[in-house]
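Below you'll find the structure, written out as structure tokens, and then a few comments.
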Amino acid sequence: MLIVGLTGGIATGKSVVADILREKGCYIDNADLLAQSLMQPGREAFQAVVNHFGQEILTQDGKIDRQKLGRIIFNAPEERATLNNLTHPLILNKVREKVASLEKSGDYEIYVTEAALIFEAGYQFFYDRVVLTFCQLEIQVERLLKRDGLSREEACLKIKSQWPLDKKIQLADYLIDTSGPLTETVEQTEELYLRLYHDAKLKKIGKLIREID
Numbered sequence: 001m002l003i004v005g006l007t008g009g010i011a012t013g014k015s016v017v018a019d020i021l022r023e024k025g026c027y028i029d030n031a032d033l034l035a036q037s038l039m040q041p042g043r044e045a046f047q048a049v050v051n052h053f054g055q056e057i058l059t060q061d062g063k064i065d066r067q068k069l070g071r072i073i074f075n076a077p078e079e080r081a082t083l084n085n086l087t088h089p090l091i092l093n094k095v096r097e098k099v100a101s102l103e104k105s106g107d108y109e110i111y112v113t114e115a116a117l118i119f120e121a122g123y124q125f126f127y128d129r130v131v132l133t134f135c136q137l138e139i140q141v142e143r144l145l146k147r148d149g150l151s152r153e154e155a156c157l158k159i160k161s162q163w164p165l166d167k168k169i170q171l172a173d174y175l176i177d178t179s180g181p182l183t184e185t186v187e188q189t190e191e192l193y194l195r196l197y198h199d200a201k202l203k204k205i206g207k208l209i210r211e212i213d
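To convert, note that position 179 of the sequence shown is 179 in this note's numbering; the numbers rise steadily by one, no gaps.
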């Protein structure tokens with residue numbers, strides 16, 4: 001099975017690309033949803049996060065308030081780094097478990113993790129291929145304003161909290177420019193799928209050759 005990381009800045013269309021790849025038959029995991037699950041009461045990351053950030057991040061029913069936590073980490077880079085250090089290794093472990101399970105079942109040829117911080121976390125080594133979505137900065141800001149109801153200053157702060165685009169482009173295997181209309185993103189993603197499918201076949205052939213040797 002080909003292991004693919006789908007990454008990109010906030011509001012650059014990762015989920016759109018992921019949905020198209022899912023329709024094509026790829027298995028899609030979402031790192032943000034995995035993180036949310038891990039921070040539920042009784043789960044692996046919950047107590048460590050509460051111990052560090054304090055009881056004030058909890059709701060009345062004892063769950064982590066993601067909005068309160070988000071305000072803390074996006075205004076303090078050191079706190080953001082702490083949260084990432086607490087959750088990223090656990091997320092990668094869950095991804096490893098899922099990949100192992102899917103490879104055993106043989107039901108999928110391509111596995112994709114949708115994750116914003118693959119490069120920032122240094123986890124690109126885990127993936128056979130990394131796909132990067134991006135768009136023009138002003139388009140990214142406007143999408144974020146519309147999606148999350150943020151001020152322009154807050155939107156720019158969120159964008160700046162991630163690596164600059166040129167740095168990520170150097171590390172990515174495939175690029176999807178989502179600046180244009182949706183039809184262009186669909187066309188690029190369909191072409192991407194064909195390339196990933198080809199890569200998956202090459203990986204399988206390589207594995208067979210190694211087994212024969």
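Where a beta carbon is used, it is the ideal one built from N, C-alpha and C, also for glycine.
As the structure is a computational prediction, the values presented were derived from the model and not from experiment.
Straight-line gap, E23 to N30 (C-alpha atoms, nearest Å): Linking E23 to N30 through their CA atoms gives a straight-line distance of about 15 Å.
Any contact of the region 81-101 with the region 118-133, i.e. 3+ C-beta pairs under 8 Å?
The region 81-101 vs the region 118-133: in contact.
Review point. Can L196 and L6 be called in contact, C-beta distance under 8 Å?
Key: Not in contact: L196 and L6 (Cβ atoms no closer than 8 Å).
Q. For S37, which of D199, T87, G106 and T82 has the nearest alpha-carbon?
A. Check the Cα spacing between S37 and each of D199, T87, G106 and T82: the tightest is with T87.
Subject >> Separation of E211 from L117, as counted between CA atoms >> reply: The alpha-carbon atoms of L117 and E211 are separated by roughly 34 Å.
Is DSSP giving D61 helix, strand or coil here? Annotated three-state conformation of D61 is coil, per DSSP.
So is L33 buried or exposed if we call it buried at 16+ other beta carbons inside 10 Å?
Here L33 is exposed: its Cβ has fewer than 16 other Cβ atoms, across all protein chains shown, within 10 Å.
**Asked** Sorted by chain position, which residues of the same chain lie with C-beta nearer than 6 Å to K203's C-beta, five sequence neighbours on each side aside?
**Response** Excluding residues within five positions, the ones whose Cβ falls inside 6 Å are L2.
Notebook entry, point to check: With contact counted as at least three CB pairs below 8 Å, one residue from each stretch, are the region 9-27 and the region 46-66 in contact?
Noted result: The region 9-27 is not in contact with the region 46-66.
| task | Express the C-alpha separation of K201 and L192 in angstroms, rounding to a whole number. | result | In a straight line, the C-alpha of L192 is about 14 Å away from that of K201.
message = So the candidates are I64, Q140 and A18; which of them puts its Cα closest to the Cα of E190?
response = When C-alpha distances from E190 are compared across I64, Q140 and A18, the shortest belongs to A18.
Using DSSP with H/G/I as helix, E/B as strand and the rest coil, what is T82? T82: helix per DSSP, three-state reduction.
### Inter-residue Cα distance where the pair is L58 and H52
Put simply, the backbone Cα of L58 is about 12 Å away from that of H52.
Next item on the list: Could you tell me whether the region 144-162 touches the region 108-115, using the rule of 3 or more Cβ pairs below 8 Å?
Entry: No, the region 144-162 does not touch the region 108-115.
* Asked: Which full runs of the alpha helix (DSSP H) of 4+ residues lie inside the region 80-167, going along the chain?
  -> The DSSP assignment places 118-121, 137-148 and 152-160 as complete runs of the alpha helix (DSSP H) inside the region 80-167, in order along the chain (cut-off: 4 residues).
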